[in-house]
Amino acid sequence: MTPTEEAGERARALIGRVERRSLGPVDAAASAEFARAAGETAPRLVDPGDPAFTVHPMYLVSLLRGAPGAGAGEFRPDGMYRDEVPGTDGLDVRLMAGGQEIRWRGAVRPGERVQVDRVLRSVERKGREPGFLLLTVGKTYSTGRGPLAEVTERFIVR
33 MTPTEEAGER ARALIGRVER RSLGPVDAAA SAEFARAAGE TAPRLVDPGD PAFTVHPMYL
93 VSLLRGAPGA GAGEFRPDGM YRDEVPGTDG LDVRLMAGGQ EIRWRGAVRP GERVQVDRVL
153 RSVERKGREP GFLLLTVGKT YSTGRGPLAE VTERFIVR
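Each residue of the sequence shown is one higher than the last, beginning at 33 in our numbering.
Put into structure tokens, the structure is as follows:
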């Protein structure tokens, strides 16, 4: 069995299983730094002291771990998190982003505790032999107030 075939078997066994992760409180300074790095200049996005300050919406969906972040053992050799693409941990496969769709449901407030629920929705075999896998993952970012963003991500596994 090739590593890609093994990844497919592993991933299929995970379809529908919800994983929940606490991302902790949203840090206003980190969001402002993210906004500056993204080229934003509006004080409402880059200055936590601004009365109209708001967390950059893309900062929310960029969160994959809560503070203080991941330990060294949580990374693949290619720099991705070992558990970011279901079924691939420890396998010699190539991973690529295959697209992302985001539906905004609400704005996150600085200091709010955020959690993300992730579920693998599908595993599809694509292309000619040897082909590749297309994994579709759904994520819902939320607080006690309800959902903030619903994300559909696709990953290519070769």
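Backbone N, C-alpha and C fix where the C-beta goes; we use that ideal spot for every residue, glycine too.
Source: prediction; values computed, not measured.
Is it right to say residue i is buried, meaning 16 or more other beta carbons lie within 10 angstroms of its own, or is it exposed?
i     : result
Arg49 : exposed
Gly71 : exposed
Once DSSP output is grouped into helix, strand and coil, what is the label at residue i?
i      : result
Phe85  : coil
Ala181 : strand
Pro57  : strand
Gly130 : strand
Glu72  : coil
Arg160 : coil
Arg42  : helix
Val140 : coil
Of the residues the options, which one's Cα is nearest the Cα of residue i?
i      : options                           : result
Phe66  : Leu92, Gly138 and Leu55           : Leu92
Lys158 : Gly170, Pro142, Gly176 and Val189 : Val189
Glu116 : Thr168, Ala69 and Glu38           : Thr168
Asp79  : Leu166, Asp121, Ser63 and Leu165  : Ser63
What does DSSP give as the partner residues of residue i in its beta bridges?
i      : result
Tyr91  : Answer is none; Tyr91 lacks a bridge partner.
Thr172 : Asp149 and Glu182
Phe107 : Tyr113
Arg52  : Asp149
Arg190 : DSSP, once it has assigned bridges, lists no residue as partnering Arg190.
Would you tell me roughly how many angstroms separate the C-alpha atoms of residue i and residue j, rounded to the nearest one?
i      : j      : result
Arg145 : Gln132 : 24 angstroms
Thr184 : Gly81  : 33 angstroms
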